[in-house]
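In the numbering used here, the protein residues as written are 8 to 266.
Where is the CB? At the ideal position from N, CA and C, for every residue including glycine.
First comes the structure, then the notes that go with it.
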Amino acid sequence: MRVMQTSENTRFGLFGEKPDAPRPTLFVFATSVDDMGKLHVYSEAGRLLAKHGWLYVTVDPPCHGHDHREGEPAHLAGWAHRTKSGENLTKPFVDRCVEVLDYLVKQGYTDPKQVAACGTSRGGFCALHFAANDSRINAVACVSPVTNLLALREFNGVTAEQVRSQNVFAIAEKLRNTAVWLSIGNDDQRVGTHHCVKAADRFQATRSQQRPGATVAPVELVIKPTNGHQPVKDAYSLAAQFVFDRVYSEAQTRQRSTK
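Right, dumping it as structure tokens:
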């Protein structure tokens with residue numbers, strides 16, 4: 008992994024070299040940029056797609072890495088702190104991701120028509136918010152994702168009203184044209200299996216509102232036995248396959264429509 012910066016000094020990690028031509032690109036999220044270079048499990052979907060010519064990149068989630076502020080709690084405790092303070096938890100993160108994608112497209116790394124996002128746990132939450140706010144994201148895959156912030160022990164004392172606009176239920180409508188894949192263990196007490204199921208139901212409900220005959224972006228939910236808050240068996244290979252299929256399906260559809 009190479010640590011790079013955009014022209015506006017937003018820091019990101021790039022896995023792979025600059026290609027001769029723009030390539031499909033996966034954004035992967037879980038922990039800080041520096042830790043993503045060490046904890047390879049979280050970027051497994053990217054490594055699988057790299058075998059097919061993809062690049063993959065990562066950006067610091069809120070309160071991780073260079074986004075952590077001196078004097079505030081780190082990681083998920085920092086998420087709760089910012090939420091209690093009335094900050095928009097996700098917008099600065101999304102803005103940084105959009106900036107990185109713009110940079111990669113402008114510099115010839117990334118094909119803007121072949122972009123996806125993937126995340127694990129808190130990273131899944133981040134991936135969903137990025138996808139909801141950038142229409143270039145064709146597909147999003149989430150492994151054991153946070154979908155309701157109040158499920159997290161760090162959010163004890165935070166009210167439902169304080170998280171309402173940040174939970175993924177609030178962005179479901181904005182994801183109606185994005186292919187979504189979710190996986191969760193059958194008894195995940197950390198992020199809440201039932202919250203993930205409800206999120207999948209909400210995503211699917213937005214599709215039912217589309218006009219008859221319209222192409223419907225799929226929603227897939229995989230539930231398998233796990234030992235607590237762990238990825239389901241083959242989670243990352245399933246996620247990579249879903250992303251690969253959806254991105255190339257979208258590309259083929261666009262090619263047919265231009266003929």
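Kindly indicate the opening and closing residues of the alpha helix (DSSP H) around residue i.
i, result
"residue 203", "200-215"
"residue 19", "No alpha helix (DSSP H) holds residue 19; the beta strand (DSSP E) holding it covers 18-22."
"residue 181", "Segment: none, residue 181 is in no alpha helix (DSSP H) and carries neither H nor E."
"residue 140", "129-140"
"residue 173", "Counting along the chain, residue 173 falls outside any alpha helix (DSSP H), and DSSP gives it neither H nor E."
For residue i, which beta-bridge partners are listed by DSSP?
i, result
"residue 124", "34, 147"
"residue 156", "For residue 156, which the question treats as bridged, DSSP gives no partner whatsoever."
"residue 231", "192"
"residue 187", "147, 226"
With DSSP run on the structure shown, which of helix, strand or coil describes residue i?
i, result
"residue 58", "coil"
"residue 67", "coil"
"residue 11", "strand"
"residue 99", "helix"
"residue 226", "strand"
"residue 27", "coil"
"residue 252", "helix"
"residue 118", "strand"
"residue 41", "helix"
"residue 240", "coil"
"residue 330", "With the chain covering 8 to 266 only, the question about residue 330 has no answer from this structure."
"residue 165", "coil"
"residue 81", "coil"
"residue 245", "helix"
"residue 108", "helix"
"residue 75", "coil"
Buried or exposed for residue i, going by 16 or more other Cβ atoms inside 10 Å?
i, result
"residue 123", "buried"
"residue 30", "buried"
"residue 212", "exposed"
"residue 10", "exposed"
"residue 215", "exposed"
"residue 28", "exposed"
"residue 145", "buried"
"residue 51", "buried"
"residue 32", "buried"
"residue 53", "buried"
"residue 171", "exposed"
"residue 222", "exposed"
"residue 76", "exposed"
"residue 167", "exposed"
"residue 306", "Lying outside 8 to 266, the shown extent of the chain, residue 306 is not represented and no answer is given."
"residue 99", "exposed"
Problem set entry | Segment contact flag, the region 137-146 with the region 39-54, C-beta cutoff 8 Å, min 3 pairs | Between the region 137-146 and the region 39-54, the count of Cβ pairs shorter than 8 Å is below three; the stretches do not touch.
Exercise. Taking three-plus beta-carbon pairs below 8 Å as touching, is the region 157-175 in contact with the region 53-68?
Worked result: Contact fails between the region 157-175 and the region 53-68, because fewer than three Cβ pairs, one in each stretch, are under 8 Å apart.
Exercise. Would you call the region 89-96 and the region 148-165 touching, i.e. three or more CB-CB distances under 8 Å?
Worked result: The region 89-96, when compared against the region 148-165, does touch it at the 8 Å Cβ threshold.
Exercise. Three or more beta-carbon pairs under 8 Å between the region 191-208 and the region 223-242, yes or no?
Worked result: Contact holds: three or more Cβ-Cβ distances are below 8 Å.
For this session: Would you be able to state if there are at least three C-beta pairs under 8 Å between the region 248-255 and the region 104-123?
Result: The region 104-123 vs the region 248-255: in contact.
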